[in-house]
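**Student:** Chains as they are written, first to last, in my numbering: chain D, 5 to 358; chain F, 5 to 358. Heads up, the beta-carbon is just placed ideally off N, CA and C, and yes, glycines get one too.
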DNA sequence: ATTTAGCACTCGAAGACCTTGAGTGCTAAG
DNA sequence: CTTAGCACTCAAGGTCTTCGAGTGCTAAAT
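Right under this line is the structure:
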């Protein structure tokens, strides 16, 4: 069931206005801001219909109308047109993102802060899910006796490392041998397939004494497992307090409390599935649809960036339900495209991105 | 000029009460909460004196008294007694901090979140100032053609690395040679002494073609410089909204805006100098004394942890001026001690911290 | 010379009450 | 089906009042 012509236009106009003003939209003010060939009375009738259909809500009898979650849903699904960014905006974003260093973490931090700055809302970026990427190299570099840097190179071109301790009687030569054995045994295995069991069996018939091997194995294992760890970068939480809907401290607190709970948002993004845009690029959750405690006053817009065909991560924007969806979607998509390009070029070693 | 006996006790009682209740302290309620052998009238006279002396303020005529910045200053300087943590608390903190991985960043993140959780305020941790540490090792490890991991090992036992690109016609052997030359030329130099000039001259009479050398030099340089970069970890900003003094959105916003401005707090900590506690361990800035925009409703308690004799970093707690200073100081100091031990043991490779 | 009881005074907080006007829904005519 | 007109509703904001917590001062008591 979709909306008929005039009602559709009216609903769109109402939501557009509300997004801009944050004030309940009245029949008259709607008239003055748009060119309907209608009287306010007719408009009122239509608005009353739209309310009955569940697209609008009325804070109280003598107030204008406010979009309901269902109203916003209709809006993002079939009413709004995604505007495209001005050249100036594109250039600005490009500048910021392209100034990233080559590290993935830096790229994502940068993308997140750019996105938050551009939209004025909260932005998040989640590191890619590397479970299904496979191990390409594993090097162990002795920093000093007992202290080793484990460098993990994954198929997607991602490099992670971790400083670990090993027994300090191990010589650099022994370490080199063990490290090679482990690399040889594990190379080509995907992260999700590497467990303490597989890793132990993979190296078990190497000519290295078990005593030494076992001590190093475990550290190598934790280093590899850590590469799989999802990290979330969040930016711009402070901007929430500038929005009229969050002048109420308790509402803001609800959101902050959830966002600051370790792992909640990361876990959420990791499990995302649901309504995508028709073109499959972005995804919008409105109010209750975000099934997270205390987030029902917000909307959450997300998209997926690609490291390679299989390996993906997410970026997203969290703002009030009354967010400027069309701007957010276009900006987020642009940032996503830049991240994709960056990662692609990164792996191909070409220059001049953008 | 320091405070005489009775006034001193009264001031202390008032501030203790205010810290606990967040309500202006009245003569009667003060009487009921403490055992003074005095009437409320006498108390009122004393309180009036204390106000005239600048230690107290009155929000309005018919309200109780509230400590002024000067009052808090007197309190932290000579009134409060630092309480010591219960065994349970100590154990709790120890558990959390000792679960840190060996990476410095992880240790600081962990310390910061522990500190915020324990105090209920905002906590910060700044990575150590490594300017004066010197280069011990510089290794460049070829990940794949054109992609190199630069590992920088510093005197203080700190290891940093950075992924860089180099021209992809360089072979692993060439890279190895160049890297060794750079290491040889720079080893023992402190970070602040390493500039593009010194680095260039340090390697200029090695038998490697300039064309190759120069391309790698710059990347090595940026990797080294990056090791010097200060990183700030902050935790618990959301807790601010639970405090009665920040129910006012605009106050909270002031603080958030400043804290979220990139580099502001890090720069502030980096430049810290001023009133230390008698024993030189911690430092308290109250209200205006924090010379940062919008922070005049807060106090900032900081201390310094040691990586080695010369290399230090900071941790701190930001809360309302009405913070529980004695608890904060003792908790922060305990965390500092744990960090110190961790870092020391880390460099000595001994186990069982705490 | 302090201390204290007593009392008048102040002033914010909270509630009652009123007014205003933006906005609606309904009705009856176009 | 649309619209003009009107009665109705109700939050926001202003004014007034009350209430009481808390003070400062004065004069007596120690």
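1) I'd like the list of long-range same chain contacts for residue 261 of chain D, defined as Cβ closer than 7 Å, with 5 residues on each side in sequence excluded.
2) Which word fits residue 49 of chain F, buried or exposed, when buried means at least 16 other C-beta atoms lie within 10 angstroms of its C-beta?
3) Quick one: Cα of residue 53 of chain F to Cα of residue 72 of chain F, how far?
4) Using beta-carbon positions only, say whether residue 128 of chain D and residue 319 of chain D come within less than 8 Å of one another.
5) Could you compute how far the alpha carbon of residue 316 of chain F sits from the alpha carbon of residue 271 of chain F?
6) Using a C-beta to C-beta distance shorter than 9 Å, which residues of chain F count as neighbours of residue 338 of chain D?
7) For residue 143 of chain D, which of D:70, D:187, D:236 has the nearest alpha-carbon?
8) Run down chain F in chain order and give the residues with a C-beta less than 8 Å from the C-beta of residue 260 of chain D.
9) Compute the Euclidean distance between the alpha carbons of residue 248 of chain D and residue 40 of chain F, then round it to the nearest angstrom.
10) Can you name the start and end residues of the alpha helix (DSSP H) that residue 189 of chain F belongs to?
11) Between F:82, F:347, F:339, which has its C-alpha nearest residue 93 of chain F's C-alpha?
12) Measuring only between beta-carbons, confirm whether residue 356 of chain D sits less than 8 Å from chain F.
13) How big is the Cα-Cα spacing for residue 125 of chain D and residue 154 of chain D?
14) Under a three-way DSSP split, which group does residue 203 of chain D fall into?
15) For a contact defined as C-beta to C-beta under 8 Å, what are the partners of residue 326 of chain D on chain F?
16) List, in order along the chain, the chain D residues whose C-beta lies closer than 7 Å to that of residue 201 of chain F?
17) Counting Cβ pairs closer than 8 Å, one from the region 284 to 302 of chain F and one from the region 88 to 104 of chain F, do we hit at least three?
18) Buried or exposed for residue 173 of chain D, please, with buried defined as at least 16 other CB atoms from any protein chain shown within 10 angstroms of its CB.
19) If the cut-off is 7 Å on Cβ atoms, which residues from the region 252 to 283 of chain F count as contacting chain D, listed in chain order?
20) DSSP state of residue 141 of chain D, grouped into three classes?
21) Closest by CA to residue 168 of chain F, which one among D:168, D:220, D:104, D:27?
22) Across which residues does DSSP place residue 148 of chain F in a beta bridge pair?
23) For residue 114 of chain D and residue 328 of chain D, what's the separation of their Cα atoms in angstroms?
24) Find the residues of chain F that neighbour residue 316 of chain D, judging by a C-beta separation of less than 7 Å, and give them in chain order.
25) At the level of alpha carbons, what is the spacing between residue 310 of chain D and residue 335 of chain D?
26) Out of F:163, F:212, F:150, which one is the CA nearest neighbour of residue 140 of chain F?
27) Taking the alpha-carbon positions, what's the residue 145 of chain F to residue 330 of chain F distance?
28) Which residues share a DSSP beta bridge with residue 324 of chain F?
29) Compare the C-beta of residue 128 of chain D with all C-beta atoms of chain F and state if any pair is closer than 8 Å.
30) Determine whether the Cβ of residue 348 of chain F lies closer than 8 Å to any Cβ atom of chain D.
31) Report the residues of the region 157 to 169 of chain D with a CB closer than 9 Å to any CB of chain F, ordered along the chain.
32) Along the region 96 to 109 of chain F, what residues have a CB closer than 8 Å to any CB found in chain D?
33) By alpha-carbon positions, which one of F:55, F:341, F:342, F:337 ends up nearest to residue 87 of chain F?
**Tutor:** Considering the structure as presented:
1) Position 257 of the first chain, counted from the start, is the residue given in the question as residue 261 of chain D. So the list reads 298, once near-sequence residues are dropped.
2) Reading the second chain from its first residue, position 45 is the one you call residue 49 of chain F. Residue 49 of chain F comes out exposed.
3) For the purposes of this step, residue 53 of chain F is identified with residue 49 of the second chain, where counting begins at 1. For the purposes of this step, residue 72 of chain F is identified with residue 68 of the second chain, where counting begins at 1. C-alpha separation (whole angstroms): 14 Å.
4) By one-based count along the first chain, residue 128 of chain D stands at place 124. By one-based count along the first chain, residue 319 of chain D stands at place 315. In this structure, residue 128 of chain D sits near residue 319 of chain D, with a CB-CB distance shorter than 8 Å.
5) Here residue 316 of chain F corresponds to residue number 312 of the second chain, with the count starting at 1. Here residue 271 of chain F corresponds to residue number 267 of the second chain, with the count starting at 1. Looking at the two C-alpha atoms, the distance is approximately 15 Å.
6) If you number the first chain from 1, residue 338 of chain D lands on position 334. Neighbours of residue 338 of chain D on chain F: none; closest Cβ ~22 Å, over 9 Å.
7) Locating residue 143 of chain D in the first chain gives position 139, where the first residue counts as 1. Among D:70, D:187, D:236, the Cα nearest to that of residue 143 of chain D is on D:187.
8) Residue mapping note: residue 260 of chain D aligns to position 256 of the first chain, counting from 1. The answer, in chain order, is 241, 242, 245.
9) Here residue 248 of chain D refers to the residue found at position 244 of the first chain. Here residue 40 of chain F refers to the residue found at position 36 of the second chain. Approximately 49 Å, taken between the alpha carbons.
10) Numbered from 1 along the second chain, position 185 holds the residue referred to as residue 189 of chain F. Here the alpha helix (DSSP H) through residue 189 of chain F covers 176 to 190.
11) Here residue 93 of chain F is taken as the residue at index 89 of the second chain, counted from 1. Nearest neighbour of residue 93 of chain F by Cα position, chosen from F:82, F:347, F:339, turns out to be F:339.
12) Position 352 of the first chain, counted from the first residue, corresponds to residue 356 of chain D. Summary for residue 356 of chain D: the model assigns pLDDT 45, below 50, so the residue's position carries little reliability; its value from the coordinates is reported in the next sentence. Chain F contact via Cβ: absent.
13) Taking the first chain and counting its residues from 1, the one referred to as residue 125 of chain D is at position 121. Taking the first chain and counting its residues from 1, the one referred to as residue 154 of chain D is at position 150. The straight-line gap from Cα to Cα measures roughly 38 Å.
14) Mapped onto the first chain, residue 203 of chain D falls at position 199. Residue 203 of chain D falls in the helix class under three-state DSSP.
15) Here residue 326 of chain D refers to the residue found at position 322 when the first chain is read from its first residue. Those do not exist, as residue 326 of chain D stays about 18 Å from chain F at its closest Cβ, beyond 8 Å.
16) In the second chain, residue 201 of chain F corresponds to position 197, counting from 1. Taking the beta carbon of residue 201 of chain F as reference, no residue of chain D falls within 7 Å; the closest one sits roughly 23 Å away.
17) The region 284 to 302 of chain F vs the region 88 to 104 of chain F: no contact.
18) If you number the first chain from 1, residue 173 of chain D lands on position 169. Label assigned to residue 173 of chain D: exposed.
19) Within the region 252 to 283 of chain F, the residues whose Cβ lies closer than 7 Å to some Cβ of chain D are 253, 256, 257, 260, 261, 264, listed in chain order.
20) Position 137 of the first chain, counted from the first residue, corresponds to residue 141 of chain D. Secondary structure at residue 141 of chain D: strand, using DSSP grouped into helix, strand and coil.
21) Position 164 of the second chain, counted from the start, is the residue given in the question as residue 168 of chain F. Per the Cα distances, D:104.
22) On the second chain, position 144 is the one that residue 148 of chain F refers to. Paired residues: F:151.
23) Taking the first residue of the first chain as position 1, residue 114 of chain D is located at position 110. Taking the first residue of the first chain as position 1, residue 328 of chain D is located at position 324. About 22 Å.
24) Position 312 of the first chain, counted from the start, is the residue given in the question as residue 316 of chain D. Under the 7 Å cutoff, chain F gives no residues; its nearest Cβ is about 21 Å from residue 316 of chain D.
25) Position 306 of the first chain, counting from 1, holds the residue named residue 310 of chain D. Position 331 of the first chain, counting from 1, holds the residue named residue 335 of chain D. When rounded, the distance between both Cα atoms is 17 Å.
26) Looking up residue 140 of chain F in the second chain gives position 136. Nearest of F:163, F:212, F:150 to residue 140 of chain F, Cα basis: F:163.
27) Walking along the second chain from the start, residue 145 of chain F turns up at place 141. Walking along the second chain from the start, residue 330 of chain F turns up at place 326. Each residue's alpha carbon lies about 49 Å from the other.
28) Walking along the second chain from the start, residue 324 of chain F turns up at place 320. Paired residue(s): F:302.
29) The count along the first chain starts at 1 and reaches residue 128 of chain D at position 124. Judged by the 8 Å Cβ criterion, residue 128 of chain D is not in contact with chain F.
30) Counting from one through the second chain, the residue named residue 348 of chain F turns up at place 344. For residue 348 of chain F, the nearest beta carbon of chain D is not closer than 8 Å to its own beta carbon.
31) For the region 157 to 169 of chain D, the set of positions with a beta-carbon nearer than 9 Å to some beta-carbon of chain F reads 157, 161, 163, 165, 166, 167, 168, 169 in chain order.
32) If you check each beta-carbon in the region 96 to 109 of chain F against every beta-carbon of chain D, the ones closer than 8 Å belong to 105, 106, 107.
33) Taking the second chain and counting its residues from 1, one reaches residue 87 of chain F at position 83. Nearest option by C-alpha distance: F:337.
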